[in-house]
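Report on the structure given below.
In the working numbering, the protein residues as written are 4 to 115.
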C-alpha cells in the first residue's frame, strides 16, 4: 500500500502498559497538526507488506486535544506478536490519513 508513497515523518513511541493492552496510542503535541480532525479515518499498515486496517483519530481523549490513534483488537494482536512493554513503536507517517507501523526488530533501522 505505502511502498511507493513518500514518508513525511517518523514518530517513536514508548509502549507502556495502556498502549500495550488497549488498542491505541497517543501522538505527541509536536506531531499533532500532522493528523486529521476528531473522528477522521486513518489507515494503518502493519509492516512493509502487512495488512492494512482502518482506525480513527480521537481528539477528545486527551485534555490537550492531541490525537489518540484508535485501532483496536487487530493492532493489539499484532503488537503482542512484535513487541513487549517498554519497546519503542516506530510510526511512519505518509499523510494525515495513512501510517505504517514497524515490528520491533525494524526499529534499529529507523531513524528520526
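Quick reminder that beta carbons are idealized off the backbone N, C-alpha and C, glycines included.
**OP:** Could you please give me the residues that DSSP links to residue 96 through a beta bridge?
**Re:** As a working note, residue 96 is residue 93 in the chain shown. Bridge partners of residue 96: 12, 102.
**OP:** Measure the C-alpha to C-alpha separation of residue 115 and residue 13 and round it to an integer number of angstroms.
**Re:** For this step, residue 115 is matched to residue 112 along the chain shown. For this step, residue 13 is matched to residue 10 along the chain shown. Residue placement at residue 115 is flagged as unreliable, the pLDDT there being 43, under the threshold of 50; the coordinate-derived value follows with that caveat. Going from the Cα of residue 115 to the Cα of residue 13 covers about 6 Å.
Original post:
Expressed to the nearest angstrom, what Euclidean distance is found between the alpha-carbon atoms of residue 21 and residue 49?
Top reply: Reading the chain shown from its first residue, position 18 is the one you call residue 21. Reading the chain shown from its first residue, position 46 is the one you call residue 49. C-alpha separation (whole angstroms): 19 Å.
**OP:** Whole angstroms is fine: what's the gap from residue 33's alpha carbon to residue 45's?
**Re:** As a first step, residue 33 is located in the chain shown; it is residue number 30 there, counting from the start. As a first step, residue 45 is located in the chain shown; it is residue number 42 there, counting from the start. Each residue's alpha carbon lies about 19 Å from the other.
Subject >> Coarse secondary structure for residue 111, derived from DSSP in three states >> reply: To locate residue 111, count along the chain shown from 1; it is residue 108. Low per-residue confidence applies at residue 111: pLDDT is 47, beneath 50, and the placement is therefore not dependable enough to give any value.
**OP:** Using the DSSP secondary-structure output, state which residues sit across from residue 27 in a beta bridge.
**Re:** As a first step, residue 27 must be located in the chain shown, where it is residue number 24. Partner(s): 73.
Original post:
Are the Cβ atoms of residue 11 and residue 104 separated by less than 8 Å?
Top reply: Here residue 11 refers to the residue found at position 8 of the chain shown. Here residue 104 refers to the residue found at position 101 of the chain shown. Contact flag unset, no.
**OP:** May I ask you to list the residues that DSSP assigns as paired with residue 61?
**Re:** Indexing the chain shown from 1 puts residue 61 at position 58. Per DSSP, 71.
Original post:
Of the residues 15, 42, 47, which one's Cα is nearest the Cα of residue 62?
Top reply: Looking up residue 62 in the chain shown gives position 59. Of the listed residues, the one whose Cα sits closest to residue 62 is 42.
Subject >> residue 82, buried or exposed, once every other Cβ within 10 Å from all chains shown has been counted against 16 >> reply: The sequence position of residue 82 within the chain shown is 79, counting from 1. Residue 82 comes out buried.
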